[in-house]
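Down below is the structure, laid out as C-alpha cells.
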Amino acid sequence: MNLVELSVIVMAAILGVLTVIRLVFLPLAVVHEVRHGRRRERGSVGELARIPSVSVVVPAYNEERVLEACVRSILASGYPDLEVVVVDDGSSDATAVIMMRLAGDPRVRAIRQVNGGKGSALNTGFAATSGEFVLFVDADGVFTPDTIPEMLRAFTHARVGAVCGDDVTMNLDRIQTRFLALVSHVGTGMVRRALHLLGCVPVVSGNSGAFRRTALRHVSQKGRGPLREDTIGEDLELTWRLHRAGWEVAYAPHARVLAESPSTLTALWKQRTRWARGLLQSLEIHDDAVGSRRYRAFGPFLLYTIFSMVALPIVQVISLVGLAIGFAVRLARGVPVVVDLPGALWAWVVGSLAFSVLLLVFSILLDRQPADLRHLWAVVLWPFFSAFLGLTMVRAAWLELARKPAQWNKLERTGVNSYADVRLPALP
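Residue numbers (the working numbering): 13 to 440.
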C-alpha cells in the first residue's frame with residue numbers, strides 16, 4: 013500500500029465515521045420535531061403565557077451599514093414589553109450617530125464605551141437591562157415577528173436557562189453563501205435538534221440566543237458580568253458554564269434570526285478560524301469537565317466534541333498532505349498514479365456521499381424551508397468545505413499554541429439586511 017492509497021483510506025474512514033454519527037442524530041432530530049409539534053398543538057407556550065419583560069442587547073463595532081435595520085426589526089417584532097440596549101464599542105464610523113438617532117424611540121437605550129471587545133460590550137449591555145429574559149443579537153441580525161415569541165415558547169420549565177435560535181442566511185447572492193445556507197440545515201437544524209434531546213446543546217449562538225436573567229446572574233463573574241472577556245468564543249464558553257451550573261439549554265428551531273454569512277473566502281477563513289480558536293479556548297477553560305458524568309450528558313459530549321471537531325479535522329489535513337506528497341513523488345518519478353483499492357471501499361465512499369445528500373434534503377424539509385432545495389447543486393462543494401474546516405482548525409491550534417492575541421474579528425458587512433424581507437417601521 014502506497015502513501016496515496018493510505019491517505020484515501022483514512023479520508024474514506026473519516027467520511028464513514030461522520031456518516032454514522034449523522035445517522036444516529038437523524039431519528040433523534042425527528043423525535044424532537046414531533047415533540048415540538050405536539051407541544052404547539054396542545055397550546056404550550058412556555059414563558060410566553062405571562063408576557064414577561066424582554067431585553068435585547070445589541071453590541072456594535074463599526075456597524076453603520078446594518079445597525080439601523082437590526083434595531084428597527086426588533087422594534088417591529090411587536091412584542092409588548094420590550095427594551096433594546098445598543099452598546100457602541102468604540103466605533104470609528106457612524107455607528108454612534110445612528111445609535112443615538114435610534115434612541116429617539118423610548119424603547120431603545122444607547123450606550124457608548126471605549127473599545128473593549130464583544131464580551132465587554134455584552135456585559136455592559138446586560139448590566140443596563142431590566143428584562144426577565146435577555147436576548148443577545150449581532151448588529152447584522154434581523155428579527156421576524158416570531159423570533160421573540162418562539163424563543164419564549166422554548167422556556168418550558170424553570171430549569172431552562174437558555175435557548176438557542178436558528179440563524180438564517182439572508183445574503184444568497186453568491187455560490188459560497190448559498191452553500192453555507194444549505195449545510196446549516198444539517199450542522200445547525202438537525203444536529204441541534206438531536207443534541208437538545210440529549211441535553212447537550214453545545215452553543216447558544218451570539219446572534220440568536222435568549223437567556224433567563226436568573227441564569228445569567230447565577231453564572232456571572234464577580235464584578236464583571238456573565239461573559240468572559242478573555243476569550244473570543246464568549247458565547248460558547250457561556251453556554252458550557254450554564255451546563256456545568258445545572259441549567260438546561262434548549263433549541264428553538266423556529267426562532268429565526270436573519271443574518272449575513274461570509275461572502276468571500278477570506279471572510280469565511282477568518283470567521284471559522286475564530287470559531288475554532290473559541291472552541292479550543294473553551295476546551296482549555298473547561299478541561300476538567302471533559303468526560304465527567306457529573307454534568308450528565310454534557311461531560312461525555314465534550315469527548316465527542318474533541319473527537320469530531322478537533323481530532324478528525326486535523327487527521328483529515330494530515331491525510332490531504334500525505335495525498336499531495338504521494339502524488340508529487342510519483343509524478344516526479346514518472347510513476348503512474350493508480351489508486352488500487354477494493355471495490356467495497358469505493359462503494360462505501362459513494363454510499364456515504366449519497367446518504368449525505370439525502371440527509372441534507374431531509375434536514376431542509378425538517379426546517380420547513382423547501383425553497384433552499386434550489387441550492388442543492390452546491391452540495392458538490394461539501395468535501396472541499398470539510399477540508400477547509402480542517403485547515404482552519406490547524407491554523408487555530410497553531411495560533412493558540414503560539415498564544416497569539418485575538419481581537420473582535422467580525423465580518424465585513426455588506427448591508428444586505430437593509431433591504432431584508434422584514435416590515436420595518438419609520439424611525440421617530
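Positions of the beta carbon are idealized from the N, C-alpha and C atoms, including for glycine.
Checking the DSSP bridge columns, you'll see F155 partnered with V269. Burial state of A151 is buried, judged by a 10 Å Cβ sphere holding 16 or more other Cβ atoms. For V369, the secondary structure class from DSSP, reduced to helix, strand or coil, is helix. Apart from the 5 residues on each side of it in sequence, A108 sits with its Cβ closer than 7 angstroms to the Cβ of D100, R124 in its chain, given in chain order.
For L94, the enclosing beta strand (DSSP E) has its first and last residue at 94 to 101. Note that the C-beta distance between L210 and L40 is below 8 angstroms. Looking only at V195, V22, V333, the smallest Cα-Cα distance to W394 is reached by V195. By the CB criterion at 8 angstroms, L254 and E246 fall outside the cutoff.
G346 carries a coil assignment under DSSP once its states are collapsed to helix, strand and coil. Rounded to the nearest whole angstrom, the CA to CA distance from R256 to A301 is 8 angstroms. For the options F191, G131, D117, the alpha carbon positioned closest to that of I376 is the one of F191. Between the stretch 382 to 402 and the stretch 309 to 317, the count of C-beta pairs closer than 8 angstroms stays below three; the two stretches do not touch.
Within the stretch 272 to 308, the runs of alpha helix (DSSP H) at least 4 residues long that lie entirely inside it are, in chain order, 277 to 297. If you draw a straight line from the Cα of L291 to the Cα of V32, it is about 23 angstroms long.
A Cβ-Cβ separation of about 18 angstroms leaves F223 out of contact with V98 under the 8 angstroms criterion. L403 is not a Cβ neighbour of V327, given a cutoff of 8 angstroms.
Remark: C-beta atoms of T156 and R268 approach each other more closely than 8 angstroms.
Take V126, set aside five residues on each side of it, and the residues of its chain with a beta-carbon closer than 7 angstroms to its own are G102, in chain order. If the five residues before and after S132 are omitted, its C-beta is found closer than 6 angstroms to the C-beta atoms of E241, all from its own chain and listed in chain order. V215 sits close to C176, with the two beta carbons spaced by under 8 angstroms. Here the stretch 176 to 187 makes contact with the stretch 270 to 279; the two share three or more CB pairs at distances below 8 angstroms. The beta carbons of T159 and S65 sit about 16 angstroms from each other, so the pair does not count as a contact at 8 angstroms.
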